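Reading through the structure tokens given below for one structure.
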Amino acid sequence: MSARPTPEAPETGRARARPAGLLARLDESDLFYSFRRSPIVVAAAAISFLMILAAVFAPLVAPQDPFDMAQLDLLDSLLPPVWVEGGMWKYPLGTDDQGRDIFSTILYGARISILVGFASVAFAMVLGIVLGLVAGYAGGWVDSLLMRIADIQLSFPAILIALLIDGVARGIMGNVGHERIAFGVLILAIGLSFWVQYARTVRGSVLVEKGKEYVQAAQVIGLPPVLILFRHILPNVMGPVLVIATIQLALAVITEATLSFLGVGVPPTSPSLGTLIRIGNDYLFSGEWWITIFPGAALVILVLSVNLLGDWLRDALNPKLR
Amino acid sequence: MAQAKTSASDAAATPVLEVRGLTVEFPSRRGLVVAAEDVNLAVRPGEILGVVGESGAGKSTIGNAVMGLLEPPGRMARGEVLLKGERIDGRPQAQMRRIRGKRVAMIFQDPLTSLDPLQTVGAQLVETMLTHLPISEAEAKKRAIDLLDQVGIPDPDVRVEQYPHQFSGGMRQRVVIALSLCAEPEVIIADEPTTALDVSIQAQILELLRRLVRDHGVGMIIITHDMGVIAEVTDRVAVMYRGKVVEEGPTEKILGYPDHTYTRSLISAVPRPDVRLDRFPLVEYIEAASTATRKIDLRTHWLGRTRDFGTVSDRALVEVRDLSLRFVTRRSFLEKNRRYVQAVDRVSFQVRPGEVFGLVGESGSGKSTIARLITGLYRPQGGNILFAGADLTALTSRREVNRYRRQMQMIFQDPFSSLNARFKVMDIVAEPIRFHKLAQSEAEVRGIVEDLLEHVGLGAKAAQKFPHEFSGGQRQRISIARALATRPRFLICDEPTSALDVSIQAQVLNLLKDLQADLGLTMLFISHDLPVIRQMCDRVAVMRHGRIVEVAETEALFETPQHEYTRHLLHLMPRLVAAPPPPDAVPEPA
Amino acid sequence: MIWFVIKRLLQSVVVMAVVALIAFSMFRYLGDPVNQMVGVETSIEQREALRERLGLNEPVAVQFWLFLQRAAQFEFGISYQHRKAVSTLIAERLPATLELSAVSALMALLVGIPMGVYTALRREGFLARAFMTLSLIGVSLPTFLIGILLILFFGVMLQWLPTFGRGATVDIGGWSTGFLTADGLKALILPAITLAIFQMTLIVRLIRAEMLEVLRTDYIKFCKARGLKTRAIHFKHALKNTLVPVITIVGLQLGSVIAFAIITESVFQWPGMGLLFIQAVTEVDIPVMAAYLMLIAFVFVVINLVVDLLYYAVDPRLRVQAGAKG
């Protein structure tokens, strides 16, 4: 065993042989080690994965298609969950006023929530990364302009910006036309209110990386800036981007739910978890709490697991926090 | 100065601080790391004990263990720490707190981060005194000014009210020293106290420490990697290697007649300021990778072939004329509020084909900026750069620029950031070959890369690994292989070894010397380290504040310096007193 | 100092101008303002007269200038939906939102900062871990869901607290306050908690992260090596240094309380500006949207300015130029 205290730079004993193969390398990696060591994180990963899977395959998993009128029975409306008196096994989590199975609506709703979440995060990520790379690498007035815009936008909460974009879209399209493109508008609205985080982080990392000597070495070799940017710098700034993306996925799902709850999100014909909570909210006072609480619980569990993953990822990729 | 032993150390023979059988362990997921093993040290009042070793030797751990400040999960597994014969290890934190600062003080490496930025220097001094001494706030304030005066800070009554950011690096280290003196401690542990400072500041701080030890009769432990510091101030020295003290004794004895093989090779690896050697004596005992790899006959190999650069006049391969660049240090809309620093100020010099031309100066003298101007990383604001007769500053098309860029390459200072961590070594070294299409096929590229890695002493297998699997010295070899991959004829080395331990430095410098000779490379060698310059360069330019103050043949510069600043730098150069020539080194005939 | 303030003020003016431009474009180009204001039976002449009176026939630059002038006096015309002056509408609703926001911001700070400091100092402690778990759940709970849960529990099941509206208010010089009646205070409790929880969890996590960062610095290590008391190290050195970056973000967070009030107001039918705004968005009531946007922007600009000045007061590195060299 070579004597090497952790605080000092390793000079010896680093170049030992490593087992080959991806699996072995994964097993060796600190990231996977910290993952395995925390049961909560493993559980969070499993839950997120299962929920996403169940949502994506909702038509196969759900006992009922809540949008197929033929499958609905008004006689079964407003049934409580199975463990409450009057509940039926056919509807484990109860039914709403239309006789729709809550469990099935949750699966279909989660599908929409997750779809909007992923799409808007992807949109924000691409936009933010490109603008961040450009700002960081180009510098000068391009950088100043982009970062000024980012500063201004950052001082307004995402939800407000999303609301505003939605309002403008309604103004342009009219309320009826708006419904047809509601998904696009929603993804655009959330994405546009989220890009700043990526852009600022990527820009910051690019400024750090740009000063590093491996970039100068690439310049001395003669590589053109675009190649340096995408081949050398981009892979090195993806760590923090991944962390933000995870945390923002949770935020995007919340934002979508909030907008839908406020009635400006997805169209009522394809309800998300937020829409379901909004609809259920009207029955809260008459005692049918299950219509709103179960979609709410599903939302919280999803967001919480994703947040747990994001937290872990942030700490694991930032070793000095440990 | 090492001979100037204080009488105090002879008189008070009982050690003020003693470490016996100290063993420090860091449990980690890959097993127990023993950072220090069975370490015995003793320091007497008025004495400076040096603890010297290369990175990873475990020297910093000792300071932290004595102070009871080991970072978890590190722990003291065995041994005892005695302060005036009294055991202080293992005491509860509340008791340790009253010993820290009061009886044992510590000085850290980086003065820029050691002070609370939000409190005035005076407030920090007063707070420390009030914590340990039964005095009033007014008295403490008076003493604070007095202390600042003692550590050589001018206008102490004004500066006591200032914040840390208003002090320069050297001055901040003086403040840190004043803070450590607050409660008249019996022992001061200084962990690399001058490593972050320039040579001239380093000399002043060392002198100050020496004086304080003499005046206050405290015992001091200086932890350092720098043999120069050891020779300059310590009375006794302990040499550490991989967690163990391999040798301990009076400084002159250890430097002059080392017993242990490690000490001998460590000392022989230190570049000699007084005489130029052909090569660094072979350093054994240190890093395994360097030996026993296949060398390639460069004259027949791809590397040596097709060096059809066309002939250049004997006068200059690279010529720099009136080169100037200034950086904006404070931006402002108004012209008059802007501040600039003239990084390079009308610099002219020539590098002759086949020679090693040195640029030497303190940090901020503009030497690295010149390297970046020549390679095109920065654009000059004035002047010309001529390469093989062509004016690089006048070139416009990327193709033209790349044609010349290929002929000059650069080796950087930081072995950790100069390689892209996401690339395999194969791709790092192959990138210039692929980009400039220097080989016919991918198979040929791979062959060349493997040959290169063999030649720099890493072995062909290194190609399939990632940079983090290598040590600093090995990474620097990868950097060299990458620089050679464009078949350059001009190589710029920007402080190529200043981040490395001396033993590794010796190996890397030997490699550079060999390559230069075998390939007939022309080199621009940049360093702040005069002994290294003496060993490496044929001619030298001395830089200060962006200007060249003197250019001369190396030997002439060291023997008969013309400019006052050159003489000043040479005077500050640490010397290993009484070091005899290493056994296998043959001095070059003068 | 003077330069710094002037520079900041100029930046604020630019921000306001940009926001005004957005508001103006919405006003001018989203639908025809005249059509929105008149009935079906209005004649073409009358429409043209109105158009002339509103200045819609002037060049766009002049219109923008007129818009700015009116905006400076907070004149945004008539709400399409309510048929009342926007300024009157907002003036009616402003006190409700401000009271709600102020109370919850105070709650978030008073609970969040000590909790953040505690979790950073007792990193491994049981209570600290519990706080961190709670805060993670806190950030995972959408504000509206917190509101619904509170309503279900305290309103529907326990029937302790009112679940909508402001209760009885007292009018003091045009400002209707809910602080002075027991009814009004009771009505405030649930919405204020709802609004505070999300901000609070953010503040806890932020303070903790920043403080951990500071606790790792060399100067804290040096403080320990000097034997300073743990209390002094934590509260005099670490906390003060933590506050420097925290001020900015907490400032912005407080600003966002007003925006998040939209959700809370919607859940509790709280008659504030947020509720007005959300109705305006669904009904495309452009004058109200524009006015709300300008007002929020103004609040944010003011908060930013205050934050910058605070920063200046706390951090000597900004106050004193590095001059002396040794």
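Top line first, the protein sequences correspond to chains A, B and C. Using our numbering, the first residue of the first sequence is number 1, and each one after it goes up by one. Using our numbering, the first residue of the second sequence is number 323, and each one after it goes up by one. Using our numbering, the first residue of the third sequence is number 913, and each one after it goes up by one. C-beta atoms are modelled at their ideal positions from N, C-alpha and C, and glycine is treated no differently. Note that the coordinates shown come from a computational prediction; the quantities given were computed from them, not determined experimentally.
CB contact below 8 Å: A/P235 versus chain B: Within the first sequence, residue 235 of chain A is the residue found at index 235, counting from 1. So yes, A/P235 belongs to the interface.
C/N1153 CB to nearest chain A CB: under 8 Å? Position 241 of the third sequence, counted from the first residue, corresponds to residue 1153 of chain C. The beta-carbon of C/N1153 is placed no less than 8 Å from the nearest beta-carbon of chain A.
Closer than 8 Å, Cβ to Cβ, to anything on chain B: give me those residues from the segment 196-225 of chain A, in chain order. Within the segment 196-225 of chain A, the qualifying residues are K212, E213, Y214, Q216, A217, A218, Q219, V220, I221, G222, L223, P224.
4 or more residues per run - each alpha helix (DSSP H) lying fully within the segment 961-1007 of chain C: Counting only runs of 4 or more, we get 972-984.
So with Cβ pairs under 8 Å, would you call B/F757 a contact of chain A? For this step, residue 757 of chain B is matched to residue 435 along the second sequence. With 8 Å as the cut-off, B/F757 counts as an interface residue toward chain A.
Quick check on the DSSP output: the alpha helix (DSSP H) that includes C/S1178 runs from which residue to which? Stepping through the third sequence from its first residue, residue 1178 of chain C is reached at position 266. Here the alpha helix (DSSP H) through C/S1178 covers 1151-1180.
From C/R920, C/L1230, C/L1012, pick the residue whose C-alpha is nearest to that of B/P486; which is it? Taking the second sequence and counting its residues from 1, one reaches residue 486 of chain B at position 164. Nearest of C/R920, C/L1230, C/L1012 to B/P486, Cα basis: C/L1230.
Let's see if you can read the secondary structure: which residues bound the beta strand (DSSP E) around B/K566? Along the second sequence, one-based indexing puts residue 566 of chain B at 244. Segment 566-572, the beta strand (DSSP E) holding B/K566.
Nearest candidate by alpha-carbon position, reference C/Y1131, set B/Y726, B/R564, B/T383, B/L501: Counting from one through the third sequence, the residue named residue 1131 of chain C turns up at place 219. With distances taken between Cα atoms, C/Y1131 lies closest to B/L501.
Option nearest B/A416 by Cα separation, candidates B/L339, B/M389, B/L440, B/V767: Counting from 1 along the second sequence, the entry for residue 416 of chain B is found at position 94. Nearest of B/L339, B/M389, B/L440, B/V767 to B/A416, Cα basis: B/M389.
Is the shortest distance between the beta-carbon of A/L308 and the beta-carbons of chain B less than 8 Å? Start at 1 with the first residue of the first sequence, and residue 308 of chain A comes out as number 308. With 8 Å as the cut-off, A/L308 does not count as an interface residue toward chain B.
Could you tell me whether any Cβ in chain C is nearer than 8 Å to the Cβ of A/D242? The residue given as residue 242 of chain A occupies position 242 in the first sequence. Contrary to the premise, residue 242 of chain A reads as Leu rather than Asp in this sequence. A/L242 does not count as touching chain C.
Spatial neighbours of B/A888 in its chain, beta-carbon cut-off 8 Å, leaving aside the 5 residues before and after: The residue given as residue 888 of chain B occupies position 566 in the second sequence. A quick correction: the sequence has Thr, not Ala, at residue 888 of chain B. Same-chain partners within the cutoff: V864, V871, E872, L879.
As an exercise, report each continuous beta strand (DSSP E) stretch of at least 3 residues that is fully enclosed by the segment 1043-1102 of chain C, in chain order. The segment 1043-1102 of chain C is shown to contain whole beta strand (DSSP E) runs of 3 or more residues at 1082-1084, 1087-1089, in chain order.
Starting from the beta carbon of A/Y91, find every residue of chain B whose beta carbon is closer than 7 Å, and list them in chain order. By 1-based counting over the first sequence, the position of residue 91 of chain A is 91. Listed by position along chain B, the residues whose Cβ is nearer than 7 Å to that of A/Y91 form an empty set, because the closest Cβ is around 49 Å away.
Are any of the Cβ atoms in chain A nearer than 8 Å to that of B/P911? Counted from its first residue, the second sequence places residue 911 of chain B at position 589. Model confidence at B/P911 stands at a pLDDT of 36, short of 50, so the residue's coordinates are unreliable; what they give is reported in the following sentence. Answer no: the Cβ-Cβ gap between B/P911 and chain A never drops below 8 Å.
Rounded separation between C/V1082 and A/I40 - CA only: Taking the first residue of the third sequence as 1, we reach residue 1082 of chain C at position 170. Taking the first residue of the first sequence as 1, we reach residue 40 of chain A at position 40. About 51 Å.
Taking B/F757 and A/I221 to be in contact with their CB atoms under 8 Å, please state how far apart those CB atoms are, rounded to whole angstroms. Residue mapping note: residue 757 of chain B aligns to position 435 of the second sequence, counting from 1. Residue mapping note: residue 221 of chain A aligns to position 221 of the first sequence, counting from 1. That belief holds up - the Cβ atoms of B/F757 and A/I221 are roughly 6 Å apart, short of 8 Å.
Pairs of beta-carbons, one from the segment 845-861 of chain B and one from the segment 663-681 of chain B, closer than 8 Å: are there three or more? Contact between the segment 845-861 of chain B and the segment 663-681 of chain B is present, with at least three C-beta pairs closer than 8 Å.
Closer than 8 Å, CB to CB, is A/P157 near chain C or not? Stepping through the first sequence from its first residue, residue 157 of chain A is reached at position 157. At least one CB atom of chain C sits nearer than 8 Å to the CB of A/P157.
Pick out whichever of B/M542, B/L831, B/Y579, B/V640 has its Cα sitting closest to the Cα of B/P367. Position 45 of the second sequence holds residue 367 of chain B. Proximity to B/P367 across B/M542, B/L831, B/Y579, B/V640 peaks at B/M542, based on C-alpha coordinates.
Buried or exposed: C/G1028, going by 16 or more other Cβ atoms within 10 Å of its Cβ? What you label residue 1028 of chain C is simply residue 116 of the third sequence in a count that begins at 1. Burial call: buried.
Which full runs of the beta strand (DSSP E) of 3+ residues lie inside the segment 760-821 of chain B, going along the chain? The beta strand (DSSP E) runs lying completely inside the segment 760-821 of chain B and spanning 3 residues or more are 812-816, given in chain order.
Opening and closing residue of the beta strand (DSSP E) in which B/M542 lies: The residue you call residue 542 of chain B lines up with position 220 of the second sequence. Per DSSP, B/M542 belongs to the beta strand (DSSP E) from 541-546.
Would you kindly work out how many angstroms separate the C-alpha atoms of C/W915 and C/L922, rounded to a whole number? Here residue 915 of chain C refers to the residue found at position 3 of the third sequence. Here residue 922 of chain C refers to the residue found at position 10 of the third sequence. Using only the alpha carbons, I get a separation of about 10 Å.
Test: C/P1026 CB closer than 8 Å to a CB of chain A: Within the third sequence, numbered from 1, the residue matching residue 1026 of chain C stands at position 114. No, its Cβ sits nowhere closer than 8 Å to a Cβ of chain A.
Starting from B/P349, follow its DSSP beta bridges and name the residues at the other end. Position 27 of the second sequence, counted from the start, is the residue given in the question as residue 349 of chain B. In DSSP, B/P349 forms a bridge with B/L354.
So A/I188 and A/I165 are supposed to be a Cβ contact under 8 Å. How far apart are they, rounded? Residue mapping note: residue 188 of chain A aligns to position 188 of the first sequence, counting from 1. Residue mapping note: residue 165 of chain A aligns to position 165 of the first sequence, counting from 1. Residue identity differs from the one stated: residue 188 of chain A is Leu in this sequence, not Ile. For a cut-off of 8 Å, the C-beta gap from A/L188 to A/I165 is around 7 Å, short enough to register as a contact.
What number of angstroms, rounded off, separates the C-alpha of B/T613 from the C-alpha of B/G779? Start at 1 with the first residue of the second sequence, and residue 613 of chain B comes out as number 291. Start at 1 with the first residue of the second sequence, and residue 779 of chain B comes out as number 457. Any answer about B/T613 is weak, because its pLDDT of 49 lies below 50 and its placement is not dependable; what the coordinates show is given next. In this structure, the alpha-carbon of B/T613 lies about 7 Å from that of B/G779.
Applying the 10 Å Cβ sphere with the 16-neighbour rule, what's the burial state of B/Y563? Walking along the second sequence from the start, residue 563 of chain B turns up at place 241. Residue environment analysis places B/Y563 among the buried positions, since at least 16 neighbouring C-beta atoms fall within 10 angstroms of its C-beta.
Around the C-beta of C/I1084, are 16 or more other C-beta atoms found within 10 angstroms, so that it is buried, or is it exposed? The sequence position of residue 1084 of chain C within the third sequence is 172, counting from 1. When all chains shown are included, C/I1084 counts as exposed.
Looking at the strands, I want to know which residues DSSP matches up with B/A679. Here residue 679 of chain B refers to the residue found at position 357 when the second sequence is read from its first residue. In the sequence on display, residue 679 of chain B carries Phe and not Ala. DSSP lists B/L846, B/R861 as partners of B/F679.
At a threshold of 7 Å, does B/G779 count as lining the ligand ZN (C-beta to nearest heavy atom)? Of ligands this structure carries none, so the ligand ZN is not represented either.
Can you have a look at A/F57 and say buried or exposed, based on whether 16 or more other CB atoms are within 10 angstroms of its CB? Within the first sequence, numbered from 1, the residue matching residue 57 of chain A stands at position 57. By the Cβ-count criterion, A/F57 is exposed, with fewer than 16 other Cβ atoms from all chains shown falling within 10 Å of its own Cβ.
Run through chain B and tell me which residues come within less than 9 Å of C/D1227, C-beta to C-beta. By one-based count along the third sequence, residue 1227 of chain C stands at place 315. Those are P439, L440, listed as they occur along chain B.
Segment limits, alpha helix (DSSP H) that includes B/S670: Here residue 670 of chain B corresponds to residue number 348 of the second sequence, with the count starting at 1. Careful: B/S670 lies outside any alpha helix (DSSP H), inside the beta strand (DSSP E) at 661-673.
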